[in-house]
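Protein chains in written order, with our numbering: chain R, 1 to 256; chain C, 257 to 512.
Yeah, the Cβ is synthetic: ideal placement off N, Cα and C, and Gly gets one too.
Before any comments, here is the structure.
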């Protein structure tokens with residue numbers, strides 16, 4: 001048995017999300033079905049580092065799987081890319097790893113990208129790739145307000161009401177907005193996130209960018225520890241799971 | 257009668273091209289049908305600055321049209337964006353212009369963007385937005401070779417055999433490749449281009465990037481004045497009509 005770490009890109013608009021579900025096609029199902037063809041037809045379980053929701057994309061999702069045959073990482077990548085067609089999933093990298101590697105539990109950081117298109121004209125090219133806000137947002141005000149959320153906090157106000165995590169405490173390590181052409185991109189990093197945390201934070205920061213909320217309003221929303229105190233959940237199509245960090249032992253294996 | 261200059265973004269993968277055709281949906285047809293609804297049902301002709309081929313995108317196509325009613329540019333933009341749905345066309349800007357303005361004949365420069373994804377894994381997110389080449393290209397060699405094509409030349413080798421232009425002489429003002437993440441982007445500018453000129457130049461430069469051709473091979477291809485001497489035509493999905501330049505008189509009207 002060999003364990004493989006795979007790095008993935010996918011178009012979330014074609015999937016019900018990462019996790020296998022009975023009511024739609026998931027990224028996990030597509031990968032597990034492809035991997036089974038390379039495992040003498042025996043079922044394969046594919047474990048993802050993060051469970052992306054319906055419509056959420058990935059440019060750097062990581063998963064692991066075990067195969068009962070010998071194969072090089074490069075050949076496995078090529079075989080999986082052939083077998084997942086025509087689903088919009090691409091295996092960017094594939095490495096044999098020690099058996100104790102676990103895509104989810106070995107991860108020490110997760111980074112997301114959020115893309116906002118803030119212009120009056122709707123997107124024609126990126127219609128399910130960005131969150132369209134039909135008026136310009138105040139980037140400086142948004143960046144100043146992110147300070148409120150950085151660090152270790154109780155993020156109860158910024159988690160989905162059905163979130164399963166035991167603790168609402170999380171440490172937000174990085175949260176910055178930058179202008180990229182007609183878009184605003186945000187890089188958000190933490191060891192882990194609560195369910196919908198990124199999208200609720202973005203939905204709240206949009207209020208700041210529109211001048212509806214001050215930095216202090218955002219602080220009050222955080223302190224309220226109440227989902228109703230924060231802004232609405234941002235649309236999933238602007239969200240990309242961009243990078244999963246692992247301890248140097250595993251990271252040195254990455255070639256990308 | 258008022259003449260309007262409109263700036264457009266569209267997803268070329270959903271259209272047979274810019275020009276109205278009997279065998280598929282064109283951008284021109286979608287816009288003309290929408291504009292007729294705003295012209296007391298009288299037909300409207302929409303003239304584009306460049307006739308993009310099937311699959312070619314635009315982020316800055318310009319067109320003009322005449323309406324028999326009074327309407328502000330902002331209202332026309334909003335009305336057209338509502339009427340073109342669900343086709344992936346977006347009117348970015350709309351300005352009333354002097355009657356002598358002509359989107360095609362007043363243009364003094366045209367700029368294209370070409371996106372190449374040069375990595376082993378196929379694109380999952382940008383599968384009809386980039387030209388996928390499954391191995392890394394030598395950016396420096398490609399940039400050095402573009403020198404051969406810059407300036408005033410007979411571009412017979414780099415025009416489609418069915419190209420209708422009277423003269424094969426064109427002046428290439430700018431041609432540069434740059435690395436953008438996992439992609440190579442190229443900016444190409446001239447007053448005007450021959451049919452398929454950009455895509456044949458890119459298809460030839462790919463040979464240079466792969467080490468199959470030297471800069472001198474590219475020079476010989478140009479001098480041969482024979483389509484068969486140049487490389488293959490690059491795929492349309494990597495090509496974007498990015499900007500149309502007009503004399504300062506008209507450009508000062510632009511707000512974008």
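DSSP beta-bridge partners of residue i
{"i": "residue 21/R", "result": "24/R"}
{"i": "residue 370/C", "result": "442/C and 495/C"}
{"i": "residue 8/R", "result": "61/R and 91/R"}
{"i": "residue 176/R", "result": "187/R"}
{"i": "residue 387/C", "result": "372/C"}
{"i": "residue 51/R", "result": "BP columns for residue 51/R are empty, so no partner."}
{"i": "residue 244/R", "result": "110/R"}
{"i": "residue 96/R", "result": "4/R"}
{"i": "residue 415/C", "result": "Bridge partners of residue 415/C: none, in fact."}
{"i": "residue 138/R", "result": "Bridge partners of residue 138/R: none, in fact."}
{"i": "residue 407/C", "result": "428/C"}
{"i": "residue 322/C", "result": "259/C"}
Alpha carbon of residue i to alpha carbon of residue j, nearest angstrom
{"i": "residue 300/C", "j": "residue 349/C", "result": "18 Å"}
{"i": "residue 354/C", "j": "residue 259/C", "result": "7 Å"}
{"i": "residue 177/R", "j": "residue 128/R", "result": "20 Å"}
{"i": "residue 451/C", "j": "residue 186/R", "result": "40 Å"}
{"i": "residue 463/C", "j": "residue 166/R", "result": "56 Å"}
{"i": "residue 502/C", "j": "residue 264/C", "result": "15 Å"}
{"i": "residue 512/C", "j": "residue 203/R", "result": "Only weak support is given to the placement of residue 512/C: the predicted model assigns it a pLDDT of 40, under 50, and the question is left unresolved by the model."}
{"i": "residue 506/C", "j": "residue 59/R", "result": "41 Å"}
{"i": "residue 262/C", "j": "residue 335/C", "result": "13 Å"}
{"i": "residue 134/R", "j": "residue 182/R", "result": "12 Å"}
{"i": "residue 376/C", "j": "residue 81/R", "result": "10 Å"}
{"i": "residue 143/R", "j": "residue 240/R", "result": "19 Å"}
{"i": "residue 397/C", "j": "residue 23/R", "result": "50 Å"}
{"i": "residue 420/C", "j": "residue 444/C", "result": "21 Å"}
{"i": "residue 154/R", "j": "residue 168/R", "result": "5 Å"}
{"i": "residue 436/C", "j": "residue 379/C", "result": "15 Å"}
{"i": "residue 26/R", "j": "residue 266/C", "result": "29 Å"}
{"i": "residue 313/C", "j": "residue 381/C", "result": "16 Å"}
{"i": "residue 232/R", "j": "residue 468/C", "result": "54 Å"}
{"i": "residue 21/R", "j": "residue 28/R", "result": "9 Å"}
{"i": "residue 331/C", "j": "residue 162/R", "result": "43 Å"}
{"i": "residue 341/C", "j": "residue 1/R", "result": "52 Å"}
Own chain partners of residue i with C-beta closer than 6 Å, once the 5 adjacent residues on each side are dropped
{"i": "residue 414/C", "result": "453, 456, 457 and 486"}
{"i": "residue 402/C", "result": "431"}
{"i": "residue 387/C", "result": "372, 490, 491 and 494"}
{"i": "residue 305/C", "result": "318, 359, 360, 363 and 500"}
{"i": "residue 100/R", "result": "none"}
{"i": "residue 248/R", "result": "none"}
{"i": "residue 32/R", "result": "44 and 46"}
{"i": "residue 333/C", "result": "347 and 350"}
{"i": "residue 408/C", "result": "427"}
C-beta atoms of residue i and residue j nearer than 8 Å
{"i": "residue 51/R", "j": "residue 95/R", "result": "no"}
{"i": "residue 429/C", "j": "residue 416/C", "result": "no"}
{"i": "residue 343/C", "j": "residue 270/C", "result": "yes"}
{"i": "residue 482/C", "j": "residue 412/C", "result": "yes"}
{"i": "residue 345/C", "j": "residue 286/C", "result": "yes"}
{"i": "residue 329/C", "j": "residue 268/C", "result": "no"}
{"i": "residue 498/C", "j": "residue 395/C", "result": "no"}
Cutoff 7 Å; reference residue i; Cβ partners in own chain excluding five residues on either side
{"i": "residue 339/C", "result": "290 and 293"}
{"i": "residue 404/C", "result": "471, 474, 475 and 478"}
{"i": "residue 193/R", "result": "110 and 170"}
{"i": "residue 480/C", "result": "413"}
{"i": "residue 150/R", "result": "172 and 175"}
Residues near residue i by beta carbon distance below 8 Å, same chain, minus five either side
{"i": "residue 393/C", "result": "372, 374, 440, 462, 465 and 466"}
{"i": "residue 303/C", "result": "319, 320, 321, 358, 359 and 360"}
{"i": "residue 272/C", "result": "279, 280, 281, 282 and 310"}
Cβ of residue i within 8 Å of any chain B Cβ
{"i": "residue 81/R", "result": "Looking for chain B here will not work: the only protein chains present are R and C."}
Taking 8 Å as the threshold, find out whether the stretch 282-301 of chain C comes into contact with the stretch 317-325 of chain C through three or more Cβ pairs.
yes
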